[in-house]
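Only one structure is covered here, and it is reproduced in the block below.
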Amino acid sequence: MPLITLFSAPKPFTNPHIAMIQRNAIKSWTLLPDVEVILLGEEIGLAEAAKELGVRHLPNVARNESGTPLISSMFQLARENSNSELLCIINADMILMPDFVEAARQVKSQRSNFVLLSQRWDYDITSSIDFAAGWESRLRESVRKQNQLHRPAGSDFFLFPKSCYEDIPNFIIGRAGWDNWMIYKARKEGWPVIDCTPSLMIVHQNHDYSHLPEGRPHYEHPDTNENIRLAGGQANVRYTILDATHQLADGKLIRPKMSYLRFMRGVELFLRAIFFFLPEKSIENIARPKRWKKRLQKLFK
């Protein structure tokens, strides 16, 4: 029985670049120890890619009116078709390496309920990865040379025990908001939100948004408004990796070090609890007054 079940709903394999990076990502998953992979959906080329890469394919995922998979259905299918202790929803452009599994093992040995996430490294790539021996070291070196650690906003995977996240709204995959809600939900339930950035490297293969209507980024798509509504409003989709309660470093769970960004985020959350009746913009203005913002920036530099 594998420790982790990775599940994902890839984009159509019609765009050559998207097809290439998705094959790179999924292939990297299949090389991980103690992991199984489930691909969800009926996108063009998906069944063929799943067969080629030797992973499971479940086509019958529920969709919205536009034909985009619903995250609630993805979670249900993964839960029903997996015997793993841990589940992980992940975007199909993310390359994983063995440190991902090791981080999961370390966290599992220390907590029963949790959600694991991390910042990603953005990476420009134009060709298929050669997965011959030593590919991880070569990739790490190339990624570090490009030096594109993504800011702590937006999350590309969530790993958690099967007992967590049993009540997922009908969020639309590939649109903004639902990933922020995942962090909000964990904080609300009192589960540790564990940032594993110090302990692993996850690699996002950069791409454009030509697969979306009018080529607009996902956060500008109308379906994002529906995700925000389902999340319970803007306040519940403002959560980011800065709201992690712990970090995994050297195999141990520690409290994140204070920084200017974390401090200001704490101020914002505190003000929301106190002045919950104020409009969003008013709270932002209170949390970031110009007269002392620069001083705090220097203090936590």
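My numbering numbers the first residue of the sequence shown as 3 and each following residue consecutively.
Here a beta-carbon is modelled for each residue, glycine too, at the ideal position from N, C-alpha and C.
task: Could you tell me if Glu-38 is buried or exposed, where buried requires 16 or more neighbouring beta carbons within 10 angstroms of its beta carbon?
output: Burial call: buried.
query: Among residues of its own chain, excluding the 5 on either side of Asn-229, which ones have a beta-carbon nearer than 7 Å to its beta-carbon?
result: Close CB contacts of Asn-229 within its chain, under the 7 Å cut and outside five residues either way in sequence, are with Phe-173, Ile-174, Arg-177, Ala-178, Gly-179, Trp-180 (chain order).
field: CA-to-CA distance, Glu-191 to Met-80, given in whole angstroms
entry: As written in the sequence, residue 80 is Ala, which differs from the Met given in the question. Answer to the nearest angstrom: the Cα atoms are 22 Å apart.
- prompt: Across which residues does DSSP place Val-57 in a beta bridge pair?
  reply: None; Val-57 has no bridge partner.
field: Neighbourhood of His-213 by C-beta, 8 Å cutoff - its chain only, sequence neighbours within 5 removed
entry: With a pLDDT of 47 at His-213, under the threshold of 50, the modelled position of this residue cannot be trusted; read the value that follows with caution. Taking C-beta separations shorter than 8 Å and ignoring five residues to either side along the sequence, the partners of His-213 in its chain run Lys-13, Pro-14, Asn-17, Ile-20, following chain order.
- prompt: Should Leu-72 be labelled buried (16 or more other beta-carbon atoms within 10 Å of its own) or exposed?
  reply: With 16 or more other Cβ atoms within 10 Å, it is buried.
- request: Given a cut-off of 8 Å, decide if Ile-40 and Phe-9 are closer than it, judged by their beta-carbon atoms.
  value: Going by C-beta atoms, Phe-9 is nearer than 8 Å to Ile-40.
Chain-order list of residues whose beta-carbon lies under 6 Å from that of Asn-93 (same chain, five-residue window excluded): Cβ-Cβ distances below 6 Å link Asn-93 to Asp-158 in the same chain, with the five nearest sequence neighbours on each side left out; the list follows chain order.
query: Which whole runs of the beta strand (DSSP E) in the stretch 220 to 266 are 3 residues long or more, in chain order?
result: You should have 248 to 251, 254 to 256.
- request: With distances taken Cα to Cα, identify the nearest neighbour of Pro-171 among Ala-233, Trp-137, Gln-108.
  value: Out of Ala-233, Trp-137, Gln-108, Ala-233 has the C-alpha closest to the C-alpha of Pro-171.
task: For Glu-19, name the three-state secondary structure that DSSP assigns.
output: Looking at the sequence shown, residue 19 is not Glu but His. His-19 falls in the helix class under three-state DSSP.
DSSP three-state assignment for Val-195, whether helix, strand or coil: Here Val-195 sits in strand by DSSP.
message: My output table needs one value for Phe-279: the three-state DSSP class, helix, strand or coil.
response: For Phe-279, the pLDDT reaches just 47, beneath the cut-off of 50, and the residue's location in the model is therefore unreliable, although a value from the coordinates is still provided. Phe-279 carries a coil assignment under DSSP once its states are collapsed to helix, strand and coil.
- prompt: Taking just the CA atoms, how far does Ile-6 sit from Asn-85?
  reply: Cα-Cα distance, rounded: 9 Å.
message: Just to confirm the assignment, what range does the beta strand (DSSP E) spanning Gln-207 have?
response: Its beta strand (DSSP E) spans residues 205 to 207.
query: Is it buried or exposed for Pro-61, if we count other Cβ within 10 angstroms and need 16 for buried?
result: Exposed, because fewer than 16 other Cβ atoms sit within 10 Å of the Cβ of Pro-61.
query: At which residue ranges does the stretch 85 to 127 contain complete beta strand (DSSP E) runs of 3 or more residues, listed in the order of the chain?
result: Within the stretch 85 to 127, the complete beta strand (DSSP E) runs of at least 3 residues fall at 88 to 92, 117 to 119, 123 to 125.
field: Run of the beta strand (DSSP E) containing Ile-40, from where it starts to where it stops
entry: Taken as a continuous stretch (DSSP letters only), the beta strand (DSSP E) holding Ile-40 covers 37 to 42.
message: Our contact map puts Ser-30 next to Met-99 with C-beta atoms below 8 Å; I'd like the distance itself, whole angstroms only.
response: About 7 Å; that satisfies the 8 Å criterion.
task: Tell whether a beta-carbon distance below 8 Å holds between Val-205 and Leu-250.
output: Judged by their CB atoms, Val-205 and Leu-250 are not nearer to each other than the 8 Å cut-off.
CA-to-CA distance, Val-57 to Arg-25, given in whole angstroms: Answer to the nearest angstrom: the Cα atoms are 12 Å apart.
message: By the DSSP assignment, the alpha helix (DSSP H) with Thr-77 in it spans what residues?
response: Sequence inspection shows Phe at residue 77; the Thr mentioned does not correspond to that position. For Phe-77, the uninterrupted alpha helix (DSSP H) segment begins and ends at 73 to 82.
field: Proximity winner among Leu-244, Gln-207, Ala-155, relative to Ser-129 (alpha-carbon distances)
entry: Comparing Cα positions, the closest option is Gln-207.
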